[in-house]
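**Q**
There are 2 protein chains.
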Amino acid sequence: MKRYSQETRMLFAVDCIIFGFDGQELKLLLIQRGFEPCKGQWSLVGGFVQPEESAEGAAGRILKNLTGLDGIYMEQLHTFSAPARDSVERTVSVAYTALIDIKQYKQPLNNDYHAVWFPINHHPQLIFDHNEMVGLAKKQLRYKAALHPLLLELLPGKFTIPQLQQLYESVYNTTFDKGNFSRKILSTKLLVKLQDKDKLNSRKGAFYYRIDRKKYNANFNTVLNLVPAGS
Amino acid sequence: MKRYSQETRMLFAVDCIIFGFDGQELKLLLIQRGFEPCKGQWSLVGGFVQPEESAEGAAGRILKNLTGLDGIYMEQLHTFSAPARDSVERTVSVAYTALIDIKQYKQPLNNDYHAVWFPINHHPQLIFDHNEMVGLAKKQLRYKAALHPLLLELLPGKFTIPQLQQLYESVYNTTFDKGNFSRKILSTKLLVKLQDKDKLNSRKGAFYYRIDRKKYNANFNTVLNLVPAGS
């Protein structure tokens, strides 16, 4: 076995897939790369890991620089390490995902980055393997959203079923049957119907709902059944 | 933004959490480290990523060197990058998991590694952050086994319910009620009852079952319901 000293050192970076919900649809935060190679092309927000920080630390620092947001929960998605993935020099990159409520954070984005929110199903081509990173992040979001009610976290205090349906449709890039969606969502018993209606978006109006926090917290992990699924 | 040339290069390694089922219980493959620091202490199988390979390539190469097994499916678990995790020099490590049927592979382990199978719930302390890696791998295995019938993959062509129960009990480090376990497993309809019994392990005997491959393949992903779980 070789000793440490004979081994190759590599650059080590992070890239952040930041999903945001603006009350209407799910979006992806992209920047225009400010240096060569690929200067001016669209890219995920990222940067090199510094000697005194972990990859998690680097991802948090970069997200804070860009958005001013501190302590946002980020999840490690996957590490990308194909030898030629960066054309300048071998760079290993750990991809992180974050899911934020855009409306909740009024602070404007740091303009040094030229950052723009794009609809998740309509964004420009990205540099290097960033398209692959986004593809994997979307796949994971769909998987998780199917198992856990995590998308509910993104909704405002009160919301309508059509609004919730719109969010799910943007995540799954599809359309759901109205009656079916409503029935399935209500069968989770995680929503509480309120007295008032949203009358702006339809003639009939749509009742507002709120999350039943107690049930939501208690049931978040009940999907684990301790038996093989598939029946 | 700094240029590439000013950034810090780091060592980049992989560590493999290899779970194996020997027909009785789930085990973890460990080696005695052959070089300093921590020479002689127990460790996961690992090594440095070479200039011409990806982390996946390195993990496959290392597993093959140790076990002679080629093309084993390994899954990326998590990247560990705390600045001081390796006492010699900053090393980022990607942890991979594999799940193999020990009986299926008769080839003896490469003795250069002094590798030993330990029961997953009773293994020695490990170097660096390897205990944390194993903890995360076990957590993920439990999570996945609860959602998908992946543990069935480890069983021989025919098996008994008590044998299956033993496997689940070693994964979850608990005991299940016999009747309850049997009822839940059979309710998945993924098993087909055979005519003959195993009469060696109990007076009454236990019927053998086999997996219904057609249903198993068709149902592997039906756990995804497109609605928030928790009801």
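Line by line, the protein sequences give chains A and B. FYI, the working numbering numbers position 123 of the first sequence as 531, with every residue one higher than the one before it. FYI, the working numbering numbers position 14 of the second sequence as 422, with every residue one higher than the one before it. Glycine included, every Cβ here is placed at the ideal spot set by N, Cα and C.
How is A/I569 classed by DSSP in three states: helix, strand or coil?
**A** helix
**Q** Roughly how far, in whole angstroms, is the beta-carbon of B/Y624 from the beta-carbon of B/K566, given that I think they are within contact range, below 8 Å?
**A** That belief does not hold up - the Cβ atoms of B/Y624 and B/K566 are roughly 15 Å apart, past 8 Å.
**Q** Can you check the stretch 505-578 of chain A for any alpha helix (DSSP H) of at least 4 residues that lies completely inside it and give the ranges in chain order?
**A** You should have 538-555.
**Q** For the alpha helix (DSSP H) containing A/T487, name the first residue and the last one.
**A** No alpha helix (DSSP H) holds A/T487; the beta strand (DSSP E) holding it covers 482-488.
**Q** Under 8 Å, with one C-beta from each stretch per pair, do the stretch 503-516 of chain A and the stretch 513-526 of chain B reach the 3-pair mark?
**A** No, because fewer than three Cβ pairs between the stretch 503-516 of chain A and the stretch 513-526 of chain B fall closer than 8 Å, the two stretches do not touch.
**Q** Around the C-beta of A/S610, are 16 or more other C-beta atoms found within 10 angstroms, so that it is buried, or is it exposed?
**A** exposed
**Q** Which residues, in chain order, does the stretch 445-467 of chain B contribute to contact with chain A at a C-beta distance below 9 Å?
**A** Cβ contacts with chain A: G455, F456, V457, Q458, P459, E460, E461, S462, A463, E464, G465, A466.
**Q** If you drop the 5 nearest sequence neighbours on each side, which residues of the same chain put their C-beta closer than 7 Å to that of B/T630?
**A** For B/T630, the predicted model reports a pLDDT of 43, less than 50, meaning its position is unreliable; a value from the coordinates is still stated below. No residues qualify anywhere along the chain.
**Q** Under 8 Å: does the beta carbon of B/G454 sit that close to some heavy atom of the ligand SAM?
**A** Questions concerning the ligand SAM fall outside what the structure shown contains, since it holds no ligand whatsoever.
**Q** Tell whether a beta-carbon distance below 9 Å holds between B/A434 and B/V453.
**A** Looking at the sequence itself, residue 434 of chain B is Leu, so the reference to Ala does not match. Against a cut-off of 9 Å, the Cβ pair of B/V453 and B/L434 comes out as no contact.
**Q** Starting from B/L471, trace the alpha helix (DSSP H) both ways and give me its first and last residue.
**A** Start and end: 463-475.
**Q** Helix or strand or just coil, what does DSSP make of A/R621?
**A** helix
**Q** Using a Cβ-Cβ distance cut-off of 9 Å, determine whether B/M418 contacts chain A.
**A** yes
**Q** Mind pulling the alpha helix (DSSP H) runs of 4 or more residues that sit fully within the stretch 575-616 of chain B?
**A** Those alpha helix (DSSP H) runs which fall completely within the stretch 575-616 of chain B and span 4+ residues are 586-595.
**Q** Please confirm whether B/T475 and B/N529 have their CB atoms less than 9 Å apart.
**A** no
**Q** Among residues of its own chain, excluding the 5 on either side of B/R550, which ones have a beta-carbon nearer than 8 Å to its beta-carbon?
**A** V579, Y580
**Q** Compute the Euclidean distance between the alpha carbons of B/D478 and B/D423, then round it to the nearest angstrom.
**A** 17 Å
**Q** Am I right that B/L436 and B/V542 are in contact with their C-beta atoms under 8 Å? What's the rounded C-beta distance?
**A** Between B/L436 and B/V542 the beta-carbon gap is near 7 Å, inside 8 Å, which marks them as a contact.
**Q** Rounding to the nearest angstrom, what Cα-Cα distance links A/Q432 and B/L598 in this structure?
**A** So the alpha carbons of these two residues sit roughly 41 Å apart.
**Q** Determine, using beta carbons only, whether A/R618 comes closer than 9 Å to chain B.
**A** no
**Q** Sorted by chain position, which residues of the same chain lie with C-beta nearer than 8 Å to B/L577's C-beta, five sequence neighbours on each side aside?
**A** One detail in the question is off: residue 577 of chain B reads as Glu in this sequence, not Leu. Excluding positions up to five away in sequence, the list reads T583, F584.
**Q** Does any CB atom of chain B fall closer than 9 Å to the CB of A/I425?
**A** Not closer than 9 Å to any Cβ of chain B, the Cβ of A/I425 fails to qualify, so no.
**Q** Run down chain B in chain order and give the residues with a C-beta less than 8 Å from the C-beta of A/E415.
**A** L419, F456
**Q** For B/H486, which residues in chain A fall below 8 Å Cβ to Cβ?
**A** Q484
**Q** Using a Cβ cut-off of 9 Å (strictly closer), state whether B/S639 contacts chain A.
**A** With a pLDDT of only 26 at B/S639, under the threshold of 50, the placement of this residue in the model should not be trusted; the figure read from the coordinates follows. At least one chain A Cβ lies under 9 Å of B/S639.
**Q** To which residues does DSSP link B/K447 through a beta bridge?
**A** Paired residues: none, contrary to the question.
**Q** Suppose the cutoff is 7 Å on Cβ atoms and the five residues either side in sequence are ignored; what does the same chain contact list for A/K607 look like?
**A** G613
**Q** Got a sec, what are the start and stop residues for the beta strand (DSSP E) B/V422 sits in?
**A** 417-429
**Q** Check the DSSP bridge columns for A/L436 and list the partner residues they point to.
**A** According to DSSP, A/L436 bridges with A/F427, A/F526.
**Q** Counting C-beta neighbours from all protein chains within 10 Å, is the total for B/Y504 16 or more, i.e. buried, or is it exposed?
**A** Classification of B/Y504: buried, given that the 10 Å Cβ count is 16 or more.
**Q** Grab me the residues of A/L560's own chain with a C-beta within less than 6 Å of its C-beta, minus the 5 sequence neighbours each way, in chain order.
**A** I619
**Q** Does B/F567 have its Cβ less than 9 Å from a Cβ in chain A?
**A** So no, B/F567 is outside the interface.
**Q** Out of curiosity, what's the CA-to-CA distance linking A/D537 and A/A466?
**A** Take the alpha-carbon of A/D537 and the one of A/A466: they are about 19 Å apart.
**Q** Need the endpoints of the beta strand (DSSP E) that B/G454 sits in, please.
**A** Taken as a continuous stretch (DSSP letters only), the beta strand (DSSP E) holding B/G454 covers 453-456.
**Q** Taking CB distances under 9 Å as the criterion, tell me whether A/Y412 reaches chain B.
**A** Chain B contact via Cβ: present.
**Q** Give the secondary structure of B/S501 by DSSP, where H, G and I count as helix, E and B as strand, and everything else as coil.
**A** Of the three classes helix, strand and coil, the one that applies to B/S501 here is strand, per DSSP.
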